[in-house]
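Visitor: Following this note's numbering, the numbering of the sequence shown begins with 1109 at its first residue and continues without gaps. All C-beta atoms in this analysis are idealised placements derived from N, C-alpha and C, irrespective of residue type, glycine included. Since this is a predicted model, take the numbers as computed values, not measurements.
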Amino acid sequence: MKNMGAKKTELNELPRISDRASFLYVDHAKISRSDSAITIHKAEGIIKVPVAMLGVLLLGPGTDISHRAVELIGDAGTSMVWVGERGVRHYAHGRALSHSTRFLEKQARLFANRNSRLRVARKMYAMRFP
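This is the structure we're talking about:
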């Protein structure tokens, strides 16, 4: 198969959510992929955005997005939200699936046992109300 750009980013290589820009709103544009960035094609020109540095991509009216761009967004752990003009209405959203369920499994194990469930509840209350 033909090489389609940069290699897929490993989970430990992605920036922490606190290091990312919170969101980017795009409307009336065509979004595609170029290596490890998305390219936004508008009448004014083309902009390259490193998608791993975004927390959320807000897609406004008139936005077309390619499958390859969505694949990159999912791999980078960036959420997508389809919104109305200027982000006023929320129509739908998509977020990358977690790479692991270990925290969910641990939470289910702690919840399933009465003693551990009460121990966790006491610890959480102690954190909130010293």
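Tell me whether R1225 sits in a helix, a strand or coil according to DSSP, three-state version.
Guide: The residue you call residue 1225 lines up with position 117 of the sequence shown. R1225 sits in a helix when the DSSP states are folded into three classes.
Visitor: Should I1148 and A1137 be called a contact, given that it needs their Cβ atoms to be closer than 7 angstroms?
Guide: Taking the first residue of the sequence shown as 1, we reach residue 1148 at position 40. Taking the first residue of the sequence shown as 1, we reach residue 1137 at position 29. Taking 7 angstroms as the Cβ cut-off, I1148 and A1137 qualify as a contacting pair.
Visitor: To which residues does DSSP link K1150 through a beta bridge?
Guide: For the purposes of this step, residue 1150 is identified with residue 42 of the sequence shown, where counting begins at 1. Under DSSP, K1150 shares a beta bridge with G1153.
Visitor: How far does the alpha helix (DSSP H) with R1210 in it extend, from its first residue to its last?
Guide: If you number the sequence shown from 1, residue 1210 lands on position 102. Residues 1210–1220.
Visitor: Skipping 5 residues on each side, what residues in its chain have a beta carbon closer than 6 angstroms to that of I1154?
Guide: Locating residue 1154 in the sequence shown gives position 46, counting from the first residue. Answer for I1154: T1147, listed in chain order.
Visitor: If you reduce the DSSP assignment to three classes, tell me which class G1168 lands in.
Guide: Reading the sequence shown from its first residue, position 60 is the one you call residue 1168. Here G1168 sits in coil by DSSP.
Visitor: Quick one, which of S1142, L1166, V1134 has its alpha-carbon nearest A1151's?
Guide: Reading the sequence shown from its first residue, position 43 is the one you call residue 1151. Taking the Cα of A1151 as reference, the smallest distance to any Cα among S1142, L1166, V1134 is reached at V1134.
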